[in-house]
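Protein chains: 2
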Amino acid sequence: MNKAPGTLYLIPVPLHPEGLDTIPEEVIRTIYALDVMIAERAKTARRWIKALCPDKDLASLTIFEIDKHQPNKIEDEWLETAIAGGGVGMLSEAGCPGVADPGSLLVARAHALGLRVKALTGPSSIVLALMGSGFNGQSFAFKGYLSAQTQQRQADLRHLEQMVKKSGQTQIFIETPYRNETLFQSALESLHPQTLFSVALNLGGPESWQMTAKVEAWKTIQRPSFEKIPAIFLIGQWALS
Amino acid sequence: MNKAPGTLYLIPVPLHPEGLDTIPEEVIRTIYALDVMIAERAKTARRWIKALCPDKDLASLTIFEIDKHQPNKIEDEWLETAIAGGGVGMLSEAGCPGVADPGSLLVARAHALGLRVKALTGPSSIVLALMGSGFNGQSFAFKGYLSAQTQQRQADLRHLEQMVKKSGQTQIFIETPYRNETLFQSALESLHPQTLFSVALNLGGPESWQMTAKVEAWKTIQRPSFEKIPAIFLIGQWALS
Numbered sequence: 001m002n003k004a005p006g007t008l009y010l011i012p013v014p015l016h017p018e019g020l021d022t023i024p025e026e027v028i029r030t031i032y033a034l035d036v037m038i039a040e041r042a043k044t045a046r047r048w049i050k051a052l053c054p055d056k057d058l059a060s061l062t063i064f065e066i067d068k069h070q071p072n073k074i075e076d077e078w079l080e081t082a083i084a085g086g087g088v089g090m091l092s093e094a095g096c097p098g099v100a101d102p103g104s105l106l107v108a109r110a111h112a113l114g115l116r117v118k119a120l121t122g123p124s125s126i127v128l129a130l131m132g133s134g135f136n137g138q139s140f141a142f143k144g145y146l147s148a149q150t151q152q153r154q155a156d157l158r159h160l161e162q163m164v165k166k167s168g169q170t171q172i173f174i175e176t177p178y179r180n181e182t183l184f185q186s187a188l189e190s191l192h193p194q195t196l197f198s199v200a201l202n203l204g205g206p207e208s209w210q211m212t213a214k215v216e217a218w219k220t221i222q223r224p225s226f227e228k229i230p231a232i233f234l235i236g237q238w239a240l241s
Numbered sequence: 001m002n003k004a005p006g007t008l009y010l011i012p013v014p015l016h017p018e019g020l021d022t023i024p025e026e027v028i029r030t031i032y033a034l035d036v037m038i039a040e041r042a043k044t045a046r047r048w049i050k051a052l053c054p055d056k057d058l059a060s061l062t063i064f065e066i067d068k069h070q071p072n073k074i075e076d077e078w079l080e081t082a083i084a085g086g087g088v089g090m091l092s093e094a095g096c097p098g099v100a101d102p103g104s105l106l107v108a109r110a111h112a113l114g115l116r117v118k119a120l121t122g123p124s125s126i127v128l129a130l131m132g133s134g135f136n137g138q139s140f141a142f143k144g145y146l147s148a149q150t151q152q153r154q155a156d157l158r159h160l161e162q163m164v165k166k167s168g169q170t171q172i173f174i175e176t177p178y179r180n181e182t183l184f185q186s187a188l189e190s191l192h193p194q195t196l197f198s199v200a201l202n203l204g205g206p207e208s209w210q211m212t213a214k215v216e217a218w219k220t221i222q223r224p225s226f227e228k229i230p231a232i233f234l235i236g237q238w239a240l241s
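Same order as they appear, the protein sequences are chains A and E.
1 is the number of the first residue of the first sequence in my numbering; add one for each residue after it.
1 is the number of the first residue of the second sequence in my numbering; add one for each residue after it.
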């Protein structure tokens, strides 16, 4: 007789060391129940598990690590417990696994093996930034990184601005934190003064900050420095229903 | 002397009546602390608040209701407590406020008034479906609804398929639950047999289900009925890093 298929749980962790209270009870309970985890870095995974589930016995926990030099190398061995009918968890370094994050090939493999795939609720800086922007949430796109080259980045920004004007689709993008101020200055120079621009900082932590304003207003607004701080940028329109 | 500006909290609620454990402690604590809420329907808001925060005194809670016939009519009176330096909450009917949801004009108004806007972590069916699909999460778009007309819907589906092929951007869309099976059959007829297609059901509840497979495999796969069940659909590629 065939056993019922087991489950691959996709387990979010906080975005910020002080964001333990952004993790729902469902996640805590699932972490306590599992003995096998897959993670990008076992060390970070252990730190989050210890913080979220202080009573969990880490000695009996197996953590398989995704090889950072070969992130596409997925081993069926990692999923053996799930193949046998049990549960295996996959953790992200920060936030939700599989969103702007490697390791989703493991999800592909789980589907191919006929396992149940269960994503659990947790912090997504993309969703938090979209909510906090006030921009159209009925249609939006996450673009990842823009070009690091000045001219191409300016072209990218103007292209996103055109997308918003044409379709109303909110455009969401990120930058490596040490280039945040450069990207911001590029946006002020490249975008139309009336274009609405939103910046969100430190999402998922107690000191989060977000502001949406026209480009021309950003030039004089009192604001914190964006340098070396995790940030999300958005171009959009107010959502008129 | 000017008071420090107050805060508009964007407060998620469960996607499913049995999903109370998907709401983080941060949200529970915030609901207990607030005396003024804005909601699409006061009745639903009260039901969620009672379920999540059973010890909260509902008699002392003020709930302002967004007029469903005039969803763009936002009153500054609703934000008075925040303008005076306190906190006001905005709740969604289900999931995260401002994502595929009216009421984000209120966020716009809060930014214009110089209030702090703080989005709290909670369940987003779009993010859960993206995580569970195994598709590229570095670049994705939420499209809302496709056309209800057969021919245009088939054209929409083929357009999304082309977007995936050209840019690798994962395409996410929804349908009114009673048309889920119609949309699914359209997808099987319109998309290339090798295209990867994912369907997620009942996300945020205990009976959630998701499957990703090639269109040709979907034709013979054993699956639950999609009829009248909240569903999310995705076309994408496996994320190779």
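Each residue gets a CB set at the ideal place from its N, CA and C atoms; glycine is no exception.
Point to revise | Within the stretch 153 to 209 of chain E, ranges of the beta strand (DSSP E) (whole runs, at least 3 residues) | key: Here the runs fully enclosed are 170 to 174, 196 to 201.
Practice item. Go ahead and pull the three-state DSSP assignment for R47 (chain E). Key: In this structure, R47 (chain E) counts as helix in the three-state DSSP scheme.
Practice item. Go ahead and pull the three-state DSSP assignment for I74 (chain E). Key: Note: I74 (chain E) maps to coil in three-state DSSP.
Check your understanding: Are there three or more Cβ pairs, one per stretch, closer than 8 angstroms when the stretch 199 to 207 of chain E is compared with the stretch 117 to 125 of chain E?
Key -> Taking one beta carbon from each stretch, the stretch 199 to 207 of chain E and the stretch 117 to 125 of chain E have 3 or more pairs nearer than 8 angstroms; the two touch.
Review point. Y32 (chain E): which of E:A108, E:A112, E:D55, E:Q169 sits nearest, CA to CA?
Key: Here the closest residue by C-alpha is E:D55.
**Study point:** Among E:A42, E:A200, E:P97, E:H159, nearest to V27 (chain E) - alpha-carbon criterion
**Key:** For the residues E:A42, E:A200, E:P97, E:H159, the minimum Cα distance to V27 (chain E) belongs to E:P97.
Check your understanding: Shortest alpha-carbon distance to P193 (chain E) belongs to which of E:N180, E:K214, E:E175?
Key -> Considering only alpha carbons, the answer is E:K214.
Review point. From E80 (chain A) to P14 (chain E), what does the alpha carbon distance come to, in whole angstroms?
Key: Rounded to whole angstroms, the separation of the alpha carbons of P14 (chain E) and E80 (chain A) is 32 angstroms.
**Study point:** Given L146 (chain E) as reference, the closest of E:Q138, E:A112, E:W209, E:E175 once Cα atoms are compared
**Key:** Cα-wise, what sits closest to L146 (chain E) is E:E175.
Check your understanding: L120 (chain E) to S225 (chain A), Cα distance in whole Å?
Key -> Looking at the two C-alpha atoms, the distance is approximately 23 angstroms.
Exercise for review: Note down, one range per segment and in chain order, each beta strand (DSSP E) of at least 3 residues found wholly within the stretch 82 to 151 of chain A.
Suggested key: You should have 87 to 91, 116 to 119, 140 to 145.
Point to revise | Other residues of its chain near A141 (chain E): CB distance less than 8 angstroms, five sequence neighbours each side excluded | key: Excluding the 5 residues flanking it on each side, A141 (chain E) has same chain C-beta neighbours closer than 8 angstroms at M163, Q169, T170, Q171, I172, in chain order.
Practice item. Kindly list the residues whose CB is nearer than 8 angstroms to the CB of R109 (chain A), restricted to its own chain and excluding five residues on each side of it in sequence; keep chain order. Key: Cβ within range, chain order: I74, D76, L79.
Review point. Per the contact definition of three or more C-beta pairs closer than 8 angstroms, is the stretch 32 to 52 of chain E in contact with the stretch 62 to 69 of chain E?
Key: The stretch 62 to 69 of chain E, when compared against the stretch 32 to 52 of chain E, does touch it at the 8 angstroms Cβ threshold.
Check your understanding: Roughly how far, in whole angstroms, is the beta-carbon of L8 (chain E) from the beta-carbon of L115 (chain E), given that I think they are within contact range, below 8 angstroms?
Key -> Confirmed, about 5 angstroms.
Review point. Any C-beta of chain E sitting closer than 7 angstroms to the C-beta of H111 (chain A)?
Key: Answer yes: the Cβ-Cβ gap between H111 (chain A) and chain E drops below 7 angstroms somewhere.
Review point. Using the rule of at least 16 other Cβ atoms within 10 Å of the residue's Cβ for burial, across every protein chain shown, is E161 (chain E) buried or exposed?
Key: Result: buried.
Practice item. List the residues of chain A whose Cβ lies closer than 8 angstroms to the Cβ of A213 (chain E), in chain order. Key: Correct list: H111.
Point to revise | For A4 (chain A) and S208 (chain E), the rounded distance between their alpha carbons | key: Cα to Cα, the separation comes out at about 16 angstroms.
Review point. Taking 7 angstroms as the CB-CB limit, is M1 (chain A) close to chain E?
Key: Unreliable placement is indicated for M1 (chain A), whose pLDDT of 42 sits below 50; no coordinate value is reported for it.
Check your understanding: Using 7 angstroms as the limit for Cβ to Cβ distance, is T22 (chain A) near chain E?
Key -> The beta carbon of T22 (chain A) sits closer than 7 angstroms to some beta carbon of chain E.
**Study point:** Cross-chain neighbours of S186 (chain A) in chain E, by beta carbon under 9 angstroms
**Key:** Those within 9 angstroms of S186 (chain A) in chain E number zero; the least Cβ separation is about 20 angstroms.
Practice item. Could you name the residues that DSSP lists as bridge partners for Y9 (chain E)? Key: In DSSP, Y9 (chain E) forms a bridge with E:G89, E:K118.
Exercise for review: Could you tell me which chain E residues have their CB closer than 9 angstroms to the CB of F135 (chain A), listed as they occur along the chain?
Suggested key: At a beta-carbon threshold of 9 angstroms, the residues of chain E lying near F135 (chain A) are G98, S104, V107, A108, ordered along the chain.
Check your understanding: Is the CB of Q210 (chain E) under 7 angstroms away from at least one CB in chain A?
Key -> Q210 (chain E) counts as touching chain A.
Exercise for review: Measure the CB-CB distance between L157 (chain E) and L191 (chain E) and report whether it falls below 7 angstroms.
Suggested key: Result yes, Cβ atoms of L157 (chain E) and L191 (chain E) sit closer than 7 angstroms.
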